[in-house]
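Trainee: Those letters in the sequence shown? Residues 7 to 506, by our numbering. Can you keep this structure in mind? I'll have questions shortly.
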Amino acid sequence: VTLIIGHIHAEEVAGMEATVEFMRKLGHRAQQSPYQTLIAETQIYFIPTMNPDGLEVISLGWDNTWRKNGYKPPQVDSCEVWVGMGNDLCGVDLNRNFDINWIYGDSLWQSGAVEPYDYFRGPAPFSEPEAVAVANFARQIKPTVSIVWHSSRSGNVAERGIVAWQWGPDGAAKFSPDCTAIGQVHRAYIQKTRTYPGGQPYFEVWGATRNGDLQDWFYRELGCIQILTETSPPDGAIQPPCDTNSTPSLQGLVNTLLPPMEWLCRRVLNYSISNDMSNQGAPLRIYTRNAVTQERISAQWKIDSTWSPILKPWYTNEQYGRATFLPATGQVTVVARKEGFLPDTATTTIGPGGGTRTLNLNLQPLEWEDLTFHVKNESGQFLNSRITIDNGFPRTDELPNGIWGGSKPVGAYYVRVEPNDDLHLARWFSFYLDRDTTIIFTLPEAHESYRMSEDFENGGMNDWTPGGTNGSWRTDVDTTSLNYGIVCYTNPEVPVYRPP
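This is how it looks when you write it as C-alpha cells:
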C-alpha cells in the first residue's frame, strides 16, 4: 500500500500539482504495461490536499505565503489575512499537530522567530480535523510507504528527502529503530528524485526536529516509511500560476517529481526495479491467522531485532490480516500477538533483490473465562475507582460503581486499582486466570501514618530502596507491558496469586 499526500502547507503547491499529474498519468495508462500490473497488484491512495482551507487562501490570491489551515483561536474575534510571512493570528501548522513530540512545537503567537505565528502547533495534539482525518485514514489502510510533498519557501531546505529520524547532535544522536531499512529505501528514492534544472539527486536527510511531524508519526504509529520530500520553487516563485501548462518551468519541475512516485509504488511490489535493488532487501509480506480456523485476523506484529518501546504497536490490516514492510537485508524474525491467542514467531532471510518474502504466523486461540472485580472500602461499600488490567494488552477502565465484569483469556495478569479520591490507598497484585473468578479488592483508608513525602527534585532517596524486595517503599524497573521505566512501589513485592 502506498499513500501520496500532495499538499499540507498551503503555499507549497508544487507537490499537489505533481500528485494530480501522477493520478492523471495512471488513469490514462491503466491498460498499458507496466501500469496495468502496478494498478492490479498494489493499492495506491492519494490525498491531493490535506489543507483545503489554506489552499483557498492561496487560490483566491489573498496571501501567497499563507502556510496554515483555517483554525480561529478563541481569543480572536475574527481572522484577518496579513500579506507576507508571519503575523497571521489564525491558523495551525498541520505538520506540527500530530501527537509525537507535539509539546516541542511552537506555542500560540510565538515571539522572536523570523516568521512568527506561522508554525503554531495547535491548542492540543490532533486538535485539527485535517490531521485527525489523515491519521484515521492511514490507520485504516496501513500504508507500507508514503510521500508527503513540501516546497521550501526559503530554499534553505529545498531538494531533499527527510525521513524518521535523527534526534540529537552528531555523535550522540538517537536514530529510529529501523534506520537501516529506512535508509536503504530513502537512498534509492532520492536517486530517482532529481533537481530541476540540473538533474542532480536530492539530498538524503534524517529528520532532526521533534515537534509533531507527520513522517515521525507515520513510522512510530504504523511502521510506514514516509519520505517528506522538499521540492524547490521554480524560478524562485513559491506560488506559481494555477495552470501548470502556462509555466514551462513549473511543468518541468512537476515532471521531475513523477519518477520518484512511480518508483516507490513499484518498490512495494519489487516490480521492474531490479537495477535499483543491488543493496536493498526484498519486500516482506506478513500474514496473521487463527491457527485453528486459518481465518486471517488483524494482530500486532513487530520485527524482533529492531522493535523499541518508543514505537506504538503495529497491526496487520483488518481485511486480509496482512502487512508489508521493506526490511534491511539479513535475517528477520517477526513476532505476532493478539489478545486471546498464543503468540507466534517466524524467521526468514532477506537477500538483495529477488522476490517478495512471505511469512505466515499462526496464532493458537486460548480459552476465555468470566472475570469480575469488586472494589470496596473497609466498611464493605463499593468505591468509585479506576482499574488497570494487564495481561500484555493493558486496558484501564473507570468503575463509578466499583464493579468490573467481563471475559478474559486464560493467562497471567497484573492488576492495579486506584481510588478516585485521596481518602484511600491504591492496591495492585498479580494472579493467574484459569477459571471463572471473582476478586474483591478492599482499599484501606489513607491514614496519616501510611503517608510519606520524598523530595525527588533535590535528591535524597533516603526512604526508598532501589530494587528492594522487603521494604515497604522501593523503586524498581517496571517489567509490565505498560513500560513506565523506573517506578515507585509502596508495598513489598507480591507473590503471584492463584484464585482458589
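Ideal Cβ positions, reconstructed from N, Cα and C, are used throughout, including at glycine.
Give the list of continuous alpha helix (DSSP H) stretches no shorter than 4 residues that lie fully inside the segment 267-319.
Mentor: Within the segment 267-319, no complete alpha helix (DSSP H) run reaches 4 residues.
Trainee: If you count every other CB in all the chains shown that lies within 10 Å of the CB of histidine 13, and 16 or more means buried, which is it?
Mentor: Looking at its Cβ environment, which holds 16 or more other Cβ atoms inside 10 Å, histidine 13 is buried.
Trainee: Express the C-alpha separation of alanine 137 and aspartate 94 in angstroms, rounding to a whole number.
Mentor: Spanning the two alpha carbons is a distance of roughly 20 Å.
Trainee: Is the beta carbon of arginine 272 sitting closer than 7 Å to the one on threonine 364?
Mentor: Contact flag unset, no.
Trainee: Contact defined as beta carbons within less than 8 Å: I believe valine 191 pairs with isoleucine 231. What is the distance between those atoms, to the nearest angstrom?
Mentor: Correct: roughly 5 Å between the Cβ atoms.
Trainee: Quick one: which unbroken beta strand (DSSP E) runs of 3-plus residues sit fully inside the segment 347-372? Chain order, please.
Mentor: Runs of the beta strand (DSSP E) inside the segment 347-372: 350-356, 363-369.
Trainee: Ends of the beta strand (DSSP E) at arginine 401?
Mentor: From DSSP, the beta strand (DSSP E) with arginine 401 extends over 401-405.
Trainee: Go ahead and label isoleucine 393 buried or exposed: buried means 16 or more other beta carbons lie within 10 angstroms of its beta carbon, across all protein chains shown.
Mentor: The residue is buried, with at least 16 neighbouring Cβ atoms inside 10 Å.
Trainee: Sorted by chain position, which residues of the same chain lie with C-beta nearer than 6 Å to glutamate 404's C-beta, five sequence neighbours on each side aside?
Mentor: Closer than 6 Å at Cβ, skipping near neighbours: Arg392.
Trainee: By Cβ distance below 7 Å, which residues in the same chain neighbour glutamine 197 in space, the five residues on each side in sequence not counted?
Mentor: For glutamine 197, where only same-chain residues beyond five positions count, the Cβ hits under 7 Å are Pro207.
Trainee: Would you call proline 266 buried or exposed, if buried means 16 or more other Cβ atoms sit within 10 Å of its Cβ?
Mentor: By the 10 Å Cβ count, proline 266 comes out buried.
Trainee: Once you ignore the five residues that flank glutamate 18 on each side, which residues in its own chain have a CB closer than 6 Å to its CB?
Mentor: So the qualifying residues of the chain are His156, Ser157.
Trainee: Is the separation between the beta-carbon of valine 211 and that of arginine 166 shorter than 7 Å?
Mentor: Yes, Cβ-Cβ distance for valine 211 and arginine 166 is below 7 Å.
Trainee: Considering only the alpha carbon of each residue, which of Val341, Glu384, Val421, Gly287 lies closest to glycine 357?
Mentor: With distances taken between Cα atoms, glycine 357 lies closest to Gly287.
Trainee: Taking 7 Å as the threshold (C-beta atoms), are alanine 194 and alanine 334 in contact?
Mentor: No. Outside cutoff.
Trainee: Quick check: what's the CA-CA separation for lysine 414 versus proline 349?
Mentor: C-alpha separation (whole angstroms): 16 Å.
Trainee: According to DSSP, is lysine 74 helix, strand or coil?
Mentor: Reduced to three states, the DSSP call for lysine 74 is coil.
Trainee: Which residue marks the beginning of the alpha helix (DSSP H) containing phenylalanine 28, and which one marks its end?
Mentor: 20-34 is the extent of the alpha helix (DSSP H) around phenylalanine 28.
Trainee: What is the rounded straight-line gap between the Cα of lysine 180 and the Cα of glutamate 451?
Mentor: Roughly 45 Å between the two C-alpha positions.
Trainee: Note the first and the last residue of the continuous beta strand (DSSP E) segment covering serine 157.
Mentor: Where serine 157 is concerned, the enclosing beta strand (DSSP E) stretches over 151-157.
Trainee: Please classify aspartate 176 as buried or exposed, where buried requires at least 16 neighbouring CB atoms within 10 angstroms.
Mentor: Label assigned to aspartate 176: exposed.
Trainee: Have a look at the DSSP bridge pairing and note the partners of serine 225.
Mentor: At residue 225 the sequence reads tyrosine, which differs from the serine that was named. None; tyrosine 225 has no bridge partner.
Trainee: Please classify tyrosine 202 as buried or exposed, where buried requires at least 16 neighbouring CB atoms within 10 angstroms.
Mentor: Looking at its Cβ environment, which holds 16 or more other Cβ atoms inside 10 Å, tyrosine 202 is buried.
Trainee: How would you call tyrosine 326, buried or exposed, if buried means at least 16 neighbouring beta carbons within 10 angstroms?
Mentor: Burial call: exposed.
Trainee: Identify the residues that DSSP records as bridge partners of proline 425: which are they?
Mentor: In DSSP, proline 425 forms a bridge with Ser391.
Trainee: Would you identify the three-state DSSP class for serine 436, choosing helix, strand or coil?
Mentor: Serine 436 falls in the strand class under three-state DSSP.
Trainee: With a threshold of 8 Å, are at least 3 pairs of Cβ atoms found where one atom belongs to the segment 297-310 and the other to the segment 63-73?
Mentor: The segment 297-310 vs the segment 63-73: no contact.
Trainee: Would a C-beta distance cut-off of 7 Å place proline 400 and serine 314 closer than the cut-off?
Mentor: Result no, Cβ atoms of proline 400 and serine 314 do not sit closer than 7 Å.
Trainee: Which residue from Gly361, Gln387, Phe347 puts its Cα closest to that of proline 371?
Mentor: Looking at the Cα atoms, Phe347 is the closest of the given residues.
Trainee: State the Cα-Cα distance for the pair lysine 344 and valine 163, rounded to the nearest angstrom.
Mentor: Cα to Cα, the separation comes out at about 42 Å.
Trainee: Using the Cα positions of glycine 466 and asparagine 426, report the straight-line distance between them to the nearest angstrom.
Mentor: Since pLDDT at glycine 466 reaches only 47, below the 50 mark, its modelled position is unreliable, and the value read off the structure follows with that caveat. Glycine 466 and asparagine 426: Cα-Cα distance of roughly 30 Å.
Trainee: How long is the line joining the alpha carbons of leucine 9 and asparagine 70, rounded to whole angstroms?
Mentor: Those two C-alpha atoms are separated by around 27 Å.
Trainee: Would glycine 111 and asparagine 217 be called neighbours here (beta carbons separated by less than 7 Å)?
Mentor: Going by C-beta atoms, glycine 111 is nearer than 7 Å to asparagine 217.
Trainee: Leaving out five residues before and five after valine 502 in sequence, what residues of the same chain have Cβ atoms less than 8 Å from its Cβ?
Mentor: Because valine 502 carries a pLDDT of 40, less than 50, the predicted location of this residue cannot be relied on, and the following value inherits that uncertainty. The answer, listed in chain order, is Ala418, Ser436, Phe437, Tyr438.
Trainee: According to DSSP, is tryptophan 173 helix, strand or coil?
Mentor: Tryptophan 173 falls in the strand class under three-state DSSP.
Trainee: Rounded to whole angstroms, what's the CA-CA distance from asparagine 2 to leucine 429? Just pull it up for me.
Mentor: Residue 2 falls outside the range modelled here, since the chain spans only 7 to 506, and no answer is possible.
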